[in-house]
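*Asks:* These protein sequences, in sequence, are chains D and C. Each residue of the first sequence is one higher than the one before, starting from 5 at the first, in our numbering. Each residue of the second sequence is one higher than the one before, starting from 18 at the first, in our numbering. Every residue, glycine too, gets a C-beta built ideally from N, C-alpha and C.
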Amino acid sequence: MSEPSVPVVVGNALKTWTFSIQDYSLLSAQSVRNIFTTRRYFTDLVEQMDLIGVGSLLIVAVALLCVGGVVVLNAASQFARFGETMLTGDAVSLALLRELGPVFVALLVAGRNATAMASELGSMVVSDQVDAMRGFGIDPVRKLMTPRVLATVVTLPLLVAVGDMAGLLGGFIVANITLHLGWATFMTRAIKVLVFGDLCMGFTKPVVFGFIISTVGCYQGFRVEGGTAGVGRATIAAFVVSSVAVLVADLFVTKLLLYVFNL
Amino acid sequence: MRLTLLVSPVTLFLGAYDENQVAETPLQVSHQHAVAPDTPSVVDVLQDIAKQTVLKIQDYSKLSFRALANLSVRPRYVQDILDQMDDIGVGSLPIVLLSGFFIGAVMVLQTGSQFERFGQTSLTGDVVSLALVRELGPSITGLLVAGRCSSGIASELGSMLVTEQVDAMRAMGTDPSRKLVTPRVVASLMTVPLLTTISVFVGLLGGMVSSVFSLRLNAFTFWQRAVAALEFSDLMQGFSKSIIFGFILATVGCYQGLSVRGGTQGVGRATTQAVVVSSILIIVSDTFLTKLALYLAEKVF
């Protein structure tokens, strides 16, 4: 048999790609539909919310504290040149709430939780636990995937809220040290500059990102093949695909919300 | 001599009535029940945590220092360095290209909407290129490559440790640090700045596309202003950061991989820990590196 020609190779790749997108869409749709029908595994949901939300709290707070500081460090020199140091609070607040908060928190949670979901579900698939579950009459999507998806979608906006506050705090610390801004000046301007559209953008994005992260993580976990090495591959693929999908979705959600709120 | 032979069994016999002694063999008669260990006090727990943390930092520092110090003496495994550069650099290229493009586009959308209020949309090119080169390029590339490669390194080295391949290597006279850790660290140091460069370039391209379609800016104007706004200190800031981030992600991945305990589950835990620790270290060091770079930009450049 001769080597497959280029059109065949490309065609096969495109077909595989289309099939996986179809698989992913069906799985995500099913996991969402399971929320509205019995039976619901509430204990699993609470457990996942603890793991994903409370577990990521510390790293989100520490990381966004530093991100806020970095934004002020970079903006401070520019603003001092124009003598408009009071604008620092504005700039940090807008940058964090609209963009950096959701994106950085999503990337951190993807790194920590999408990999954990993929490796946990992948190990369960490889050790036949998912088949055993099905044999007992428990729907694995209902028991394993839906709690994770719902938990991430609910906790990611809360993590973003905590992260934004930590970022503003970090920004204030650096602004106080370098530009000698007071708490009242900084915080008043930081809060006053926000419009409803900014808040909507800042909290709609985490919902979308949370859905993407959890569904991609669970999908990669369920689709593991090839034993333990496959679990490792699925873990990395979960992170890579969810990160890129988050950044792509960021563009379209931003454009949509900028249009809707006329910002 | 005979007295000691007589004394020792007597002392042992007397010792059997020690209050805290627990039965060591099934046939040994003990008059006490096994004593439960005392619950440690808060101070003890904190001390333990502090000691563990300091030990881990010490181990990590020794590993990273050795990784670079190994380059001074032969044998150097150049083929492994090239293999790792292929894996880390070329393997991360798709993710860097895609993410860079969309980050640039989003930055232009956001800053453009702000500047449209003042009618100064031509400033968008300046702001976006400065933000990308100084901050977003290095940190987002660092985070993405850390997620992909740090976890990959940790899981690979962890599996090798668990399946005793590292011990076998040592038994055959190959230094695992020289063969496994140094190639990865050197490859990461060399490829992450290149990936950052590509990410920034593609980001500016994405910004150009976005500005043409949403801000109605001329593409050439955007590009010209973006490049003109950059100074040497900005480039130095961006690329020195990316070198440090490359070092961090490789050494953290190797450390987590080589300190795996507990079989396959431990490998999974080490993989997640590698991503989390390298992401946090990258973001925290970003703060200090930015301050250092801004200080040097004033004084030196």
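1) Excluding the 5 residues preceding and the 5 following C:G32 in the sequence, name in chain order all residues of the same chain whose CB lies nearer than 7 Å to its CB.
2) Hey, is the region 259-270 of chain C in contact with the region 292-299 of chain C, meaning 3+ C-beta pairs nearer than 8 Å?
3) Taking contact to mean 3 or more Cβ pairs, one atom from each stretch, closer than 8 Å, check whether the region 176-191 of chain D and the region 155-167 of chain D are in contact.
4) Between C:S139 and C:R242, is the Cβ-Cβ spacing less than 8 Å?
5) At a CB-CB cut-off below 7 Å, which residues of chain C make contact with D:I240?
6) According to DSSP, is D:V199 part of a helix, a strand, or is it coil?
7) Under a Cβ-count criterion, where at least 16 other Cβ atoms within 10 Å of its own Cβ denotes burial, should C:D55 be classed as buried or exposed?
8) Which same chain residues end up closer than 6 Å to D:I56 when comparing Cβ atoms and leaving out the 5 residues on each side of it in sequence?
9) Cutting at 6 Å between CB atoms, please list the residues of its own chain near D:A122, excluding the five before and the five after it.
10) Do three or more CB pairs link the region 247-257 of chain C to the region 186-203 of chain C at distances below 8 Å?
11) What did DSSP end up calling D:G15 once you bin it into helix, strand or coil?
12) To the nearest angstrom, how far is it from the Cα of C:V183 to the Cα of C:S156?
13) Under 8 Å, Cβ to Cβ, is there at least one residue of chain C near D:G230?
14) For D:T231, which residues of its own chain have a beta-carbon under 7 Å away from its beta-carbon, when the five flanking residues on both sides are left out?
15) Using a Cβ-Cβ cut-off of 8 Å (strictly less than) and excluding sequence neighbours within five positions of D:S32, which residues of its own chain qualify?
16) Please decide whether D:R116 counts as near chain C, where near means a Cβ-Cβ distance under 8 Å.
17) Anyone know if the C-beta pair for C:D303 and D:V74 falls short of 8 Å?
18) Can you list, in chain order, the residues of the region 68-102 of chain D whose Cβ is nearer than 7 Å to any Cβ on chain C?
19) With 7 Å as the C-beta to C-beta threshold (strictly closer), list the residues of the region 277-311 of chain C near chain D in chain order.
20) Counting contacts by CB-CB distance shorter than 8 Å, is C:A33 in contact with chain D?
21) Could you check the C-alpha separation between C:S176 and D:S24 for me, to the nearest Å?
22) Chain C partners of D:T244, CB-CB under 9 Å?
23) Where does the unbroken alpha helix (DSSP H) through D:A253 begin, and where does it stop?
24) Within this structure, are the beta carbons of C:S216 and C:T141 separated by less than 8 Å?
25) Which residues in the same chain have their Cβ closer than 6 Å to the Cβ of C:M186, if we skip the five residues on either side of it in sequence?
26) Can you look up C:E181 in the DSSP assignment and give me helix, strand or coil?
27) In chain order, which alpha helix (DSSP H) runs of at least 4 residues are fully inside the region 182-238 of chain C?
28) So with CB distances below 7 Å, who are the chain D contacts of C:A122?
*Replies:* So, from the listed chains and residues:
1) Here residue 32 of chain C refers to the residue found at position 15 of the second sequence. Annotation note: pLDDT 48 at C:G32 (below 50); position unreliable, coordinate value reported separately. Excluding positions up to five away in sequence, the list is empty.
2) yes
3) no
4) Counting from 1 along the second sequence, the entry for residue 139 of chain C is found at position 122. Counting from 1 along the second sequence, the entry for residue 242 of chain C is found at position 225. Yes; because the gap between Cβ atoms is below 8 Å, this pair is in contact.
5) Walking along the first sequence from the start, residue 240 of chain D turns up at place 236. Per Cβ cutoff of 7 Å: R165, S168 and G169.
6) Position 195 of the first sequence, counting from 1, holds the residue named residue 199 of chain D. In the structure shown, D:V199 sits in coil (DSSP, three-state: anything other than H, G, I, E or B).
7) To locate residue 55 of chain C, count along the second sequence from 1; it is residue 38. Under this definition C:D55 is an exposed residue.
8) Along the first sequence, one-based indexing puts residue 56 of chain D at 52. Within the same chain, D:I56 has close Cβ partners N117, A155, T156 and T159.
9) What you label residue 122 of chain D is simply residue 118 of the first sequence in a count that begins at 1. Cβ neighbours of D:A122 beyond the five flanking positions: G221, Q224, G225, A238, T239 and A242.
10) no
11) The residue given as residue 15 of chain D occupies position 11 in the first sequence. Note: D:G15 maps to helix in three-state DSSP.
12) Numbered from 1 along the second sequence, position 166 holds the residue referred to as residue 183 of chain C. Numbered from 1 along the second sequence, position 139 holds the residue referred to as residue 156 of chain C. Each residue's alpha carbon lies about 33 Å from the other.
13) As a first step, residue 230 of chain D must be located in the first sequence, where it is residue number 226. For D:G230, the answer is no, since every Cβ of chain C falls outside 8 Å of its Cβ.
14) Here residue 231 of chain D refers to the residue found at position 227 of the first sequence. Here the sequence assigns Gly to residue 231 of chain D, which means Thr is not the residue at that position. Same-chain partners within the cutoff: V130.
15) Taking the first residue of the first sequence as position 1, residue 32 of chain D is located at position 28. The answer, listed in chain order, is V153, F215, T219 and Y223.
16) Within the first sequence, numbered from 1, the residue matching residue 116 of chain D stands at position 112. It does; some Cβ of chain C falls within 8 Å.
17) As a working mapping, residue 303 of chain C is identified with position 286 in the second sequence. As a working mapping, residue 74 of chain D is identified with position 70 in the first sequence. Yes, these two residues count as a Cβ contact at 8 Å.
18) C70, V71, G73, V74, L77, N78, S81 and R102
19) T281, G285, T288, T289, V292, V293, S296, I297, I300, V301, D303, T304, T307, K308 and L311
20) Position 16 of the second sequence, counted from the first residue, corresponds to residue 33 of chain C. Residue placement at C:A33 is flagged as unreliable, the pLDDT there being 49, under the threshold of 50; a coordinate-derived value is accordingly withheld.
21) Translated into positions along the second sequence, residue 176 of chain C becomes position 159. Translated into positions along the first sequence, residue 24 of chain D becomes position 20. One C-alpha to the other measures close to 28 Å.
22) On the first sequence, position 240 is the one that residue 244 of chain D refers to. Looking at the sequence itself, residue 244 of chain D is Val, so the reference to Thr does not match. Chain C residues near D:V244: S109, P111, I112, L161, G164 and R165.
23) Looking up residue 253 of chain D in the first sequence gives position 249. G231 to F265 is the extent of the alpha helix (DSSP H) around D:A253.
24) Your numbering for residue 216 of chain C matches position 199 in the second sequence. Your numbering for residue 141 of chain C matches position 124 in the second sequence. No; because the gap between Cβ atoms is not below 8 Å, this pair is not in contact.
25) Position 169 of the second sequence, counted from the start, is the residue given in the question as residue 186 of chain C. Counting only Cβ-Cβ distances below 6 Å, and skipping sequence neighbours, we find P193.
26) Along the second sequence, one-based indexing puts residue 181 of chain C at 164. Looking at C:E181 - three-state DSSP - the assignment turns out to be coil, as it is neither helix nor strand.
27) 182-188 and 199-227
28) For this step, residue 122 of chain C is matched to residue 105 along the second sequence. By Cβ distance, chain D contributes L255.
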